[in-house]
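One structure is given here, and the rest of the page talks about it.
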Amino acid sequence: MNTYQQYLAADMVTKRMASVGVTAMHVMFARDYSNRGSSGHEVTVGIDYDDTDGHFMGDEDREAKVNEFLTLYPDSTVTRENDYGKPNMLVRGVTNLGVAWEINFRSGVCERVQVGTKRVERFDPAVIASIPKVTVDEPVYEYMCPDPIVAAGLVA
């Protein structure tokens, strides 16, 4: 694997992005400098917040762009990974030369929904001097994302 193959992958990915009206903000090439196999050769692309017409894309717009991308390029998959706040939509694939690529479309349309509780111990506010612990129910939230592509079974 060499840098030129990564360049070809980045070129293919940015052309695919342009076909759905999205521009790359940055492209990063990952390298395995120590030759340990711990990091592969891959290309990571982040999108611009504006579409190719210069209009700001909100969550709904980015969600629609991901769905359009997956429809046009069924060799791609989407996952949602939550670092801070709403989860990022990560579209991934592998070129015919074996270069993995990923596009971070950022957050999409997700709603924070309480899905249950968990038991945790807290200090009893009524008896703060002796500070005993009591078990209480604490809300548990997950993001529920209406995603027609996932519902149709078109992603891994």
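Numbering (UniProt numbering), first residue to last: 1 to 156.
By construction, the Cβ of each residue, glycine as well, lies at the ideal position given by its N, Cα and C atoms.
Spatially closest choice to residue i from the options, by CA coordinates
i	options	result
residue 7	77, 82 and 97	97
residue 222	81, 2, 9 and 141	A query on residue 222 cannot be resolved here, the shown segment of the chain reaching from 1 to 156 and no further.
residue 138	74, 121, 125 and 128	121
residue 113	18, 131, 102 and 143	143
residue 136	53, 130 and 117	117
With 16 other Cβ atoms within 10 Å as the buried cut-off, status of residue i
i	result
residue 58	exposed
residue 123	exposed
residue 195	Here the chain comprises residues numbered 1 to 156, so residue 195 is not present and cannot be evaluated.
residue 128	exposed
residue 69	buried
residue 63	buried
Cβ neighbours of residue i in the same chain (closer than 7 angstroms, five flanking residues each side left out)
i	result
residue 145	80, 108, 109 and 110
Rounded Cβ spacing between residue i and residue j (contact assumed at less than 8 angstroms)
i	j	result
residue 78	residue 42	Contact doesn't hold; Cβ gap of about 17 angstroms is too wide.
residue 44	residue 28	5 angstroms
Other residues of its chain near residue i: CB distance less than 6 angstroms, five sequence neighbours each side excluded
i	result
residue 48	23 and 25
residue 21	51 and 52
| Counting only runs that start and end within the stretch 48-79, where is the alpha helix (DSSP H) found for 4 or more residues in a row? | 59-72
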